[in-house]
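Participant: Residue numbers (this note's numbering), protein chains in the order written: chain W, 3 to 352; chain V, 3 to 352; chain X, 3 to 352; chain F, 3 to 352. This is the structure I have questions about; it appears just below.
4 protein chains.
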Amino acid sequence: MQKIKVGVIGATGSVGQRFVQLLADHPWFELSAIAASERSAGKPYREVCNWFLSAQMPEKAGEMIVQPITTDLDCRLVFSAIPGTIAKEHEENFARAGYGVLSNVSVHRYDEDMPLVTTEVNPEHLEILAHQRKSRGWSTGFIVTNSNCSAMPLTITLAPLHKAFGIKTVMAHTMQAISGAGYKGVSSAAILDNVIPFIRTEEEKMPKESRKMLGTYNNNRIVAAEFTMSAHCNRVATLDGHMETISVAFHDKPKNEEAILKLWREWNPLPQQLNLPSAPKPPIVVRMEPDRPQTRLDRDNGKGMAVTVGRLRPCEVLDYKYVLLSHNTIRGAAGASVLNAEYMLAQGML
Amino acid sequence: MQKIKVGVIGATGSVGQRFVQLLADHPWFELSAIAASERSAGKPYREVCNWFLSAQMPEKAGEMIVQPITTDLDCRLVFSAIPGTIAKEHEENFARAGYGVLSNVSVHRYDEDMPLVTTEVNPEHLEILAHQRKSRGWSTGFIVTNSNCSAMPLTITLAPLHKAFGIKTVMAHTMQAISGAGYKGVSSAAILDNVIPFIRTEEEKMPKESRKMLGTYNNNRIVAAEFTMSAHCNRVATLDGHMETISVAFHDKPKNEEAILKLWREWNPLPQQLNLPSAPKPPIVVRMEPDRPQTRLDRDNGKGMAVTVGRLRPCEVLDYKYVLLSHNTIRGAAGASVLNAEYMLAQGML
Amino acid sequence: MQKIKVGVIGATGSVGQRFVQLLADHPWFELSAIAASERSAGKPYREVCNWFLSAQMPEKAGEMIVQPITTDLDCRLVFSAIPGTIAKEHEENFARAGYGVLSNVSVHRYDEDMPLVTTEVNPEHLEILAHQRKSRGWSTGFIVTNSNCSAMPLTITLAPLHKAFGIKTVMAHTMQAISGAGYKGVSSAAILDNVIPFIRTEEEKMPKESRKMLGTYNNNRIVAAEFTMSAHCNRVATLDGHMETISVAFHDKPKNEEAILKLWREWNPLPQQLNLPSAPKPPIVVRMEPDRPQTRLDRDNGKGMAVTVGRLRPCEVLDYKYVLLSHNTIRGAAGASVLNAEYMLAQGML
Amino acid sequence: MQKIKVGVIGATGSVGQRFVQLLADHPWFELSAIAASERSAGKPYREVCNWFLSAQMPEKAGEMIVQPITTDLDCRLVFSAIPGTIAKEHEENFARAGYGVLSNVSVHRYDEDMPLVTTEVNPEHLEILAHQRKSRGWSTGFIVTNSNCSAMPLTITLAPLHKAFGIKTVMAHTMQAISGAGYKGVSSAAILDNVIPFIRTEEEKMPKESRKMLGTYNNNRIVAAEFTMSAHCNRVATLDGHMETISVAFHDKPKNEEAILKLWREWNPLPQQLNLPSAPKPPIVVRMEPDRPQTRLDRDNGKGMAVTVGRLRPCEVLDYKYVLLSHNTIRGAAGASVLNAEYMLAQGML
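Structural data, given as structure tokens:
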């Protein structure tokens with residue numbers, strides 16, 4: 003099989019580096035373009051990128067010359083991790099020019115014709131792309147978004163339960179890693195020996211995006227799921243990995259914890275059935291120890307693509323409560339985009 | 003006024019060090035005895051104590067000879083921070099021998115004749131001491147306990163609201179500092195770059211102790227407040243200061259945030275009215291910035307005795323949600339015991 | 003005594019915040035002007051400053067309106083913590099306009115007519131100011147600089163030894179706190195679970211500034227001390243406090259450790275003799291425990307103005323080796339400038 | 003090839019866990035026995051081991067039943083990571099009983115008949131084993147030790163230089179990770195926001211072991227290399243990876259940095275020539291960026307077995323200075339033992 007050429011725009015930041023890492027040696031995609039701000043353009047990626055991932059920068063990527071973010075990149079798909087302020091224009095330009103855009107940026111997520119997809123959860127929402135192209139006058143191009151890094155793992159753990167029992171109410175409390183704010187996002191003076199109980203717009207995004215992803219697609223429309231949700235979002239001094247403690251109530255309360263555990267353990271959604279290269283098996287790792295998951299010990303499960311859950315127990319206020327953990331820049335960002343692209347390719351949507 | 007002689011048992015641990023710090027230069031109490039395990043006894047405190055507080059060890063305390071934990075300590079009050087496994091016997095021995103015991107240990111907290119007191123919240127529960135003495139056959143001795151370090155600041159923020167609106171439901175999520183587990187409690191290998199979503203027995207203690215402290219005393223009985231509560235307790239890599247995100251529902255829902263803020267700001271309970279030396283003024287510090295309180299920036303408010311609250315806003319699931327922060331080994335432990343003792347002295351109960 | 007009006011330029015950064023903290027309630031100085039970049043000017047300090055010191059922002063300072071950095075500030079002395087790129091012009095403008103400038107910035111430190119002063123070490127270098135004024139055509143204005151935060155505590159520990167034994171060779175290794183790089187200087191993604199063995203220009207500054215401060219003033223000239231020195235400078239994940247391990251050889255090797263300890267303990271330089279408000283007593287704190295000083299436990303000694311030394315022992319390569327620790331933004335920056343100003347005032351130089 | 007059965011004694015600690023990780027899926031060795039203290043014996047490894055490595059515990063190892071440390075383990079080689087206090091007796095018992103012992107413990111390192119081997123540096127010292135067996139009356143058993151985790155990477159970087167230029171003087175300054183002290187070794191209360199400039203006996207071990215490893219074997223004797231060395235050892239808040247800043251003087255000073263870099267780059271010692279499974283290629287990774295190596299970014303180079311060097315430059319006091327970094331529980335401990343065993347097997351010494 004001929005590999006499909008892909009590019010990364012916004013390649014020097016926290017999520018951009020993950021894209022480069024995941025795509026540099028991908029079995030289906032060939033990383034053929036790296037683009038970033040004008041300031042970086044024209045120089046080797048190695049020189050302009052403040053690489054901070056523990057794994058070494060891929061050799062080949064390091065030697066690639068960074069290009070400006072223009073629509074003459076030599077690739078078919080564009081993975082986007084550019085700043086929100088410039089994303090709307092750039093991403094639409096690429097789609098208009100015929101590129102497929104897989105975006106981590108929040109700016110388009112809530113558009114009516116925009117799929118917001120976690121591949122395991124709502125791949126059928128991709129069908130709206132025909133409508134998107136038509137309504138926006140795009141020929142082969144498109145934009146597919148993925149959700150923010152705290153909503154995505156929550157939605158993954160809720161998806162099989164929602165189908166079986168119907169989610170009624172969710173209380174979420176997050177303890178999010180600093181890489182979620184980008185490389186320069188959190189000063190060490192701000193977070194060492196500290197917790198910051200506030201992440202701008204995160205508490206609004208989490209319920210909104212979770213409802214859209216758990217919603218239904220029908221006839222060119224995505225109808226968000228209806229459930230009540232409240233989020234408390236916090237920044238803690240971890241490098242990678244968002245921890246969330248969740249309480250949830252159902253329309254049909256499951257008889258016991260085992261009913262939930264069974265669904266999590268046996269869940270086998272499409273990406274896993276299709277053996278997509280980035281699909282973690284299993285998608286949900288269930289730990290039964292009282293003190294798991296833990297951020298540093300479980301964030302790399304499934305090469306950073308699995309969501310790890312634990313501590314399922316009755317909740318005195320809602321029905322059940324549990325803890326989840328996932329890697330915010332792999333599962334919650336770059337890896338999710340890549341998985342979406344793999345799915346589209348496998349399904350003949352590219 | 004002649005100072006009252008006091009001793010600290012379990013003086014070398016995390017809470018014990020705070021006791022020594024708070025009592026070494028106290029206006030009403032004279033630190034006249036330091037006791038710890040047999041291993042430490044007979045040596046100067048300086049030599050056996052792995053002091054890790056940022057403020058230097060008080061000179062005088064450093065030179066005091068550590069004594070074994072026996073009931074011939076030269077003091078009238080004993081502040082207890084000994085391990086739970088040996089606390090029951092030792093504390094009762096002291097009370098039987100006529101000492102007043104102010105205890106941080108959980109072992110006696112739930113006894114029917116035992117006051118569990120946060121001075122600002124439920125000082126009237128101390129009246130049960132007459133019953134305690136009678137039922138246990140103690141003459142002048144007594145045991146007064148204070149609550150665990152996550153229940154106490156929560157209860158302080160709930161107390162004025164409970165009186166006005168009636169607490170119906172509480173969801174609490176904590177992000178607790180490592181000093182709460184004692185000096186050796188959390189290995190650095192366990193917590194660096196990590197979150198541990200589990201603290202043994204903490205999720206049981208929080209609701210149980212909050213209900214008891216918000217309960218009513220009547221006729222030799224303490225009747226716990228009745229409200230539903232669920233807690234998620236987590237350990238994070240901060241040195242001192244427990245952060246909690248709280249959602250709460252009331253029997254009479256307050257009209258707006260201002261109704262709550264006003265109660266917090268104007269709350270002036272007995273310790274403050276009595277100008278007790280350790281009573282913070284105000285007891286609740288209200289911050290209006292979107293990103294406060296923060297652990298490192300607010301834990302020392304009121305010399306570590308104030309509880310700082312912020313981010314009060316509507317909760318989509320319960321009525322309102324907010325964030326609180328307090329110093330776990332001062333407000334949440336040693337300082338609380340000292341304040342109880344000050345109150346008892348001021349009220350002629352010693 | 004009428005307080006002298008002082009201003010802080012560059013007031014929002016890491017060192018600027020320390021200036022505000024130290025000057026807000028100073029017995030001799032009145033903080034009458036706060037200045038920062040155009041972006042901040044016109045707004046209350048509280049709004050534009052990302053305050054991150056553990057002690058709360060002084061109330062009065064929070065309400066002061068930030069001014070642009072122009073030479074019509076209402077004050078007589080200007081404490082400077084502005085970025086190096088703009089410091090040369092601004093500081094000279096102030097001096098030309100008649101202000102006394104006390105600068106933390108490195109740009110002027112190596113000028114021939116510039117005193118680089120650690121008050122305890124080389125206050126006599128201030129005599130060069132007459133020459134400075136004359137050669138630059140300034141009337142009442144002047145610039146006095148203080149050294150970088152790793153050279154200063156080293157020089158303090160060397161000063162009494164240099165006089166007695168003559169410094170011949172120094173090997174210095176530093177482990178420097180993140181606040182030394184300014185509030186935004188070190189991203190948390192860069193330093194969590196990490197050591198960075200490189201601080202730009204630090205290894206050049208340390209020997210150069212140490213030699214100048216230990217040099218002699220004579221006849222309008224400062225002649226640097228002559229000794230060989232090598233520095234390895236590292237950034238570690240501590241908030242405040244630079245730790246340094248030092249090996250040193252002397253022209254006249256002291257007989258034993260006691261000869262050195264005695265000099266450190268008995269050192270009583272001019273600021274201490276004059277009882278200057280910011281002069282720590284003693285200036286050098288000697289700890290004899292095998293594992294002291296420690297960054298978090300000793301940085302606040304002498305209100306952050308003392309240098310703590312420990313572990314003095316023979317060095318197999320040079321003569322002796324030891325460890326030193328000092329607070330980098332108090333002793334090593336803002337506090338040092340303030341002490342210089344206090345000295346000048348006490349000596350009638352203002 | 004039939005795999006050789008090996009056991010790990012002291013399997014639950016920091017180094018013991020690394021042994022289990024490295025041996026669970028080794029191409030030449032079969033992990034057939036896990037032994038630990040009486041308290042753990044009889045239970046599955048998963049239950050008694052507080053596993054804290056980021057990679058998950060190997061499935062098979064988790065199910066193995068922990069055995070007491072007795073000489074009836076079903077294996078031929080024993081990898082030892084037991085506490086120093088009991089190591090002498092146990093290790094000698096195993097050797098006497100015919101086992102080959104590869105030890106990380108310091109207790110035997112300085113015995114005259116004991117090889118202290120870093121495989122790349124001094125594999126010829128293993129020839130002393132014939133003498134060891136004879137003098138101790140052991141038949142097939144033996145003890146081979148490897149050095150402490152700060153001496154080993156230093157020696158690796160010095161070895162090719164020593165041969166070419168002759169080491170004359172070394173100044174070493176370390177910034178060591180907490181895993182070097184074992185899982186419970188460093189309390190989080192001791193190290194968060196702190197540097198501890200003291201590691202018991204480390205400053206004595208570093209020179210002593212470096213000299214022995216760089217020494218010569220001749221006629222049943224190991225003669226230590228003669229050079230002057232001084233070490234400053236510090237504990238910092240990193241999980242894994244010891245950073246060292248080194249100054250060195252030579253008998254024949256190399257003309258320039260390039261002469262040193264060339265030796266490091268081209269060094270190809272026996273383990274690499276033999277393609278041993280754990281031999282990193284290259285053994286020394288040279289980085290030319292000004293700010294490398296860094297602890298978190300470079301500790302996993304060569305699967306944790308490579309030593310990364312950088313910042314080579316002239317030293318004002320000695321000849322040259324540089325920075326090195328290596329993984330303390332892989333390269334500096336468990337991995338080094340495994341590599342020694344691989345070498346012995348490949349050379350027919352088992």
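Positions of the beta carbon are idealized from the N, C-alpha and C atoms, including for glycine.
Kindly indicate which three-state DSSP category N236 of chain W falls into: helix, strand or coil?
Facilitator: By 1-based counting over the first sequence, the position of residue 236 of chain W is 234. Strand.
Participant: Which stretch, first to last residue, makes up the beta strand (DSSP E) that contains G18 of chain X?
Facilitator: The sequence position of residue 18 of chain X within the third sequence is 16, counting from 1. That residue, G18 of chain X, is in no beta strand (DSSP E); its alpha helix (DSSP H) goes 16-25.
Participant: Which runs of the alpha helix (DSSP H), 4 residues or longer, sit entirely within the stretch 171-204 of chain W?
Facilitator: The qualifying runs are 190-193.
Participant: Quick check on the DSSP output: the alpha helix (DSSP H) that includes I224 of chain X runs from which residue to which?
Facilitator: Walking along the third sequence from the start, residue 224 of chain X turns up at place 222. From DSSP, I224 of chain X is part of no alpha helix (DSSP H) but of the beta strand (DSSP E) over 223-225.
Participant: Could I get the ranges of all uninterrupted alpha helix (DSSP H) runs contained in the stretch 22-89 of chain W, with 4 residues as the minimum, in chain order?
Facilitator: If we require 4 residues or more, the alpha helix (DSSP H) runs fully inside the stretch 22-89 of chain W come out as 47-50, 61-65.
Participant: As a quick exercise: from X:A343, X:G182, X:T310, pick the residue whose alpha carbon is nearest that of D242 of chain X.
Facilitator: Working through the third sequence from its first residue, we reach residue 242 of chain X at position 240. Checked all of X:A343, X:G182, X:T310; the closest Cα to D242 of chain X is X:G182.
Participant: Give the straight-line distance between the Cα atoms of L299 of chain W and R48 of chain F, rounded to the nearest whole angstrom.
Facilitator: In the first sequence, counting from the first residue as 1, residue 299 of chain W sits at position 297. In the fourth sequence, counting from the first residue as 1, residue 48 of chain F sits at position 46. The straight-line gap from Cα to Cα measures roughly 15 Å.
Participant: Using a Cβ cut-off of 8 Å, pull out every chain V residue sitting near S105 of chain X, in sequence order please.
Facilitator: Translated into the one-based positions of the third sequence, residue 105 of chain X becomes position 103. In chain order: nothing, as chain V lies at least about 29 Å away.
Participant: Going straight from the alpha carbon of A38 of chain F to that of D76 of chain F, what length do you get?
Facilitator: For the purposes of this step, residue 38 of chain F is identified with residue 36 of the fourth sequence, where counting begins at 1. For the purposes of this step, residue 76 of chain F is identified with residue 74 of the fourth sequence, where counting begins at 1. Their Cα atoms are separated by approximately 14 Å.
Participant: State the Cα-Cα distance for the pair P295 of chain X and H234 of chain F, rounded to the nearest angstrom.
Facilitator: Counted from its first residue, the third sequence places residue 295 of chain X at position 293. Counted from its first residue, the fourth sequence places residue 234 of chain F at position 232. The straight-line gap from Cα to Cα measures roughly 14 Å.
Participant: Would the stretch 163-174 of chain W and the stretch 110-120 of chain W be scored as touching if the rule is three or more Cβ pairs under 8 Å?
Facilitator: No, the stretch 163-174 of chain W is not in contact with the stretch 110-120 of chain W.
Participant: Taking the alpha helix (DSSP H) that F229 of chain X falls in, what are its first and last residues?
Facilitator: On the third sequence, position 227 is the one that residue 229 of chain X refers to. Unbroken run through F229 of chain X: none, as it is neither H nor E.
Participant: I need the straight-line Cα distance from P256 of chain V to T14 of chain X, nearest angstrom please.
Facilitator: In the second sequence, the residue the question calls residue 256 of chain V occupies position 254. In the third sequence, the residue the question calls residue 14 of chain X occupies position 12. About 39 Å.
Participant: Any contact of the stretch 150-159 of chain X with the stretch 206-214 of chain X, i.e. 3+ C-beta pairs under 8 Å?
Facilitator: Short answer: they touch.
Participant: In chain order, what residues of the same chain lie with their CB nearer than 7 Å to the CB of N222 of chain F, ignoring the 5 residues before and after it?
Facilitator: Walking along the fourth sequence from the start, residue 222 of chain F turns up at place 220. These residues qualify, in order along the chain: I130, H133.
Participant: Just list the alpha helix (DSSP H) runs in the stretch 78-155 of chain V, keeping only unbroken ones of 4 residues or longer that don't cross its boundaries, in chain order.
Facilitator: Complete alpha helix (DSSP H) runs here, min 4: 86-98, 131-138.
Participant: Assign P316 of chain F to one of three DSSP states: helix, strand, or coil.
Facilitator: Locating residue 316 of chain F in the fourth sequence gives position 314, where the first residue counts as 1. In the structure shown, P316 of chain F sits in a strand (DSSP, three-state: E or B).
Participant: Please list the residues of the stretch 185-198 of chain X that have a C-beta atom closer than 7 Å to any C-beta atom in chain W, keeping them in chain order.
Facilitator: Of all residues in the stretch 185-198 of chain X, Y185, K186, V188, S189, S190, A191, A192, I193, L194, D195 have a Cβ within less than 7 Å of some Cβ in chain W.
Participant: What are the residues in the stretch 235-258 of chain X lying within 7 Å of chain W by C-beta distance?
Facilitator: Within the stretch 235-258 of chain X, the residues whose Cβ lies closer than 7 Å to some Cβ of chain W are A239, L241, listed in chain order.
Participant: With distance defined between alpha-carbon atoms, name the residue in X:G184, X:M177, X:E291 nearest to N196 of chain F.
Facilitator: As a first step, residue 196 of chain F is located in the fourth sequence; it is residue number 194 there, counting from the start. Ranking X:G184, X:M177, X:E291 by Cα distance to N196 of chain F puts X:M177 first.
Participant: On the premise that A308 of chain W lies in contact with P285 of chain W, defined as a C-beta separation below 8 Å, what is that separation, rounded to the nearest angstrom?
Facilitator: Locating residue 285 of chain W in the first sequence gives position 283, where the first residue counts as 1. Locating residue 308 of chain W in the first sequence gives position 306, where the first residue counts as 1. Indeed they touch by this definition, with Cβ atoms about 6 Å apart.
Participant: Could you compute how far the alpha carbon of A371 of chain X sits from the alpha carbon of E94 of chain X?
Facilitator: Chain X is shown only over 3 to 352; residue 371 of chain X falls outside these bounds and no answer can be derived.
Participant: List the residues of chain X whose Cβ lies closer than 8 Å to the Cβ of D293 of chain F, in chain order.
Facilitator: Position 291 of the fourth sequence, counted from the first residue, corresponds to residue 293 of chain F. Correct list: I198, P199, F200.
Participant: Which residue comes first and which comes last in the alpha helix (DSSP H) that contains G337 of chain X?
Facilitator: Within the third sequence, the letter at position 335 stands for residue 337 of chain X. Residues 337-348.
Participant: Please report the distance separating the alpha-carbon of K188 of chain F from that of I180 of chain F.
Facilitator: Taking the first residue of the fourth sequence as 1, we reach residue 188 of chain F at position 186. Taking the first residue of the fourth sequence as 1, we reach residue 180 of chain F at position 178. It is Val, not Lys, that sits at residue 188 of chain F in the sequence shown. About 6 Å.
Participant: If you measure between the beta carbons of V250 of chain F and T120 of chain F, is that distance less than 8 Å?
Facilitator: Reading the fourth sequence from its first residue, position 248 is the one you call residue 250 of chain F. Reading the fourth sequence from its first residue, position 118 is the one you call residue 120 of chain F. No, the Cβ-Cβ distance between V250 of chain F and T120 of chain F is not below 8 Å.
Participant: Can you find the residues in the same chain that come closer than 7 Å, C-beta to C-beta, to A97 of chain W, ignoring five residues on each side of it along the sequence?
Facilitator: Along the first sequence, one-based indexing puts residue 97 of chain W at 95. These residues qualify, in order along the chain: V103, W140, G143, F144, I145.
Participant: Is it the case that the CB of L341 of chain V approaches a heavy atom of the ligand ATP more closely than 7 Å?
Facilitator: Among the ligands in the structure shown, none appear at all, so the ligand ATP cannot be discussed.
Participant: As a quick exercise: from F:Q23, F:E32, F:G18, pick the residue whose alpha carbon is nearest that of M3 of chain F.
Facilitator: Against the fourth sequence, residue 3 of chain F aligns to sequence position 1. That would be F:E32, whose Cα lies nearest to the Cα of M3 of chain F.
Participant: Which one of F:S280, F:N124, F:H175 has the shortest CA to CA distance from I201 of chain F?
Facilitator: Residue 201 of chain F sits at position 199 when you count from the first residue of the fourth sequence. Here the closest residue by C-alpha is F:H175.
Participant: Within its chain, find whatever has a CB closer than 7 Å to the CB of D321 of chain V; leave out the 5 residues flanking it on each side and keep chain order.
Facilitator: As a position in the second sequence, residue 321 of chain V is number 319, starting the count at 1. For D321 of chain V, where only same-chain residues beyond five positions count, the Cβ hits under 7 Å are V250, A251, F252, K255.
Participant: Between the Cα of K264 of chain W and those of W:L314, W:K62, W:I198, W:A89, spot the shortest distance and give me the residue it belongs to.
Facilitator: If you number the first sequence from 1, residue 264 of chain W lands on position 262. Among W:L314, W:K62, W:I198, W:A89, the Cα nearest to that of K264 of chain W is on W:L314.
Participant: Buried or exposed: A161 of chain W, going by 16 or more other Cβ atoms within 10 Å of its Cβ?
Facilitator: The count along the first sequence starts at 1 and reaches residue 161 of chain W at position 159. By the 10 Å Cβ count, A161 of chain W comes out buried.
Participant: Does the beta-carbon of Q349 of chain X have 16 or more other beta-carbons within 10 angstroms, so that it is buried, or is it exposed?
Facilitator: Locating residue 349 of chain X in the third sequence gives position 347, where the first residue counts as 1. Classification of Q349 of chain X: exposed, given that the 10 Å Cβ count is below 16.
Participant: Look at the alpha carbon of T203 of chain V and the alpha carbon of V107 of chain V, and state the distance between them as a whole number of angstroms.
Facilitator: Against the second sequence, residue 203 of chain V aligns to sequence position 201. Against the second sequence, residue 107 of chain V aligns to sequence position 105. Each residue's alpha carbon lies about 13 Å from the other.
Participant: By the 8 Å beta-carbon criterion, what residues does the stretch 308-322 of chain W contribute toward chain V?
Facilitator: Within the stretch 308-322 of chain W, the residues whose Cβ lies closer than 8 Å to some Cβ of chain V are G312, R313, C317, E318, V319, L320, listed in chain order.
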